[in-house]
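Sequential numbering from 181 applies to the sequence shown in our numbering.
For each residue, glycine too, the CB sits at the ideal point set by N, CA and C.
Comments concern the structure below.
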Amino acid sequence: MSSQEKQMKEFLKNGQDWEKMSTKDLPGVFVVKMPATKSRPALLALEVNPMKDGKPMKRKGLFVTSKDMLVSFQEILTSDGTFSVMRSVEQINAEVAPKGTGGPKELVLDEG
């Protein structure tokens, strides 16, 4: 058993529910102890949450519990169709954001 596997087994056994363990050299990837439910024991999952300025970009990231799930997410997230839809989302949000209260305010300078 590798050192990594030993650490993870110890974390599963002794970690608190929803506790996160960071991964060395993989910013934005965490191992999370998911609590037991009535139908399954406690499990470990990867939480993927990109970092910006040393802090996670979202409060909760994407939870992955198997290689199959990881591959499926990878295929979806890297498909040309997903990028096309994302471009449209960004374009529409850029048009709407200045009207909302959450968007950044910009000063429009007069020319002249």
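Extent of the continuous beta strand (DSSP E) run through residue i
i, result
"residue 185", "Per DSSP, residue 185 belongs to no beta strand (DSSP E); it is in the alpha helix (DSSP H), 183-194."
"residue 216", "Unbroken run through residue 216: none, as it is neither H nor E."
"residue 237", "Here residue 237 belongs to no beta strand (DSSP E), and DSSP marks it neither H nor E."
"residue 227", "223-228"
"residue 242", "242-244"
Exposed unless 16 or more other CB atoms sit within 10 angstroms - verdict on residue i
i, result
"residue 194", "exposed"
"residue 218", "exposed"
"residue 344", "Residue 344 lies beyond the range of the chain shown here (181 to 292); nothing can be said about it."
"residue 269", "exposed"
"residue 351", "The requested residue 351 does not occur in the structure, where the chain is confined to residues 181 to 292."
Boundaries of the alpha helix (DSSP H) in which residue i is found, first to last residue
i, result
"residue 255", "247-257"
"residue 264", "260-276"
Proximity winner among the options, relative to residue i (alpha-carbon distances)
i, options, result
"residue 250", "185, 209 and 187", "209"
"residue 201", "183, 225 and 221", "225"
"residue 229", "222, 239 and 220", "239"
"residue 223", "196, 184, 236 and 234", "196"
"residue 232", "244, 207 and 247", "207"
Contact belief for residue i with residue j at Cβ below 8 Å, rounded distance in angstroms
i, j, result
"residue 188", "residue 212", "About 11 Å; that fails the 8 Å criterion."
"residue 255", "residue 241", "Actually they are not in contact, since the Cβ atoms of residue 255 and residue 241 sit about 18 Å apart, beyond 8 Å."
"residue 198", "residue 215", "7 Å"
Residue i CB to nearest heavy atom of the ligand GDP below 7 Å
i, result
"residue 242", "As far as ligands go, the structure on display features none, and thus does not contain the ligand GDP."
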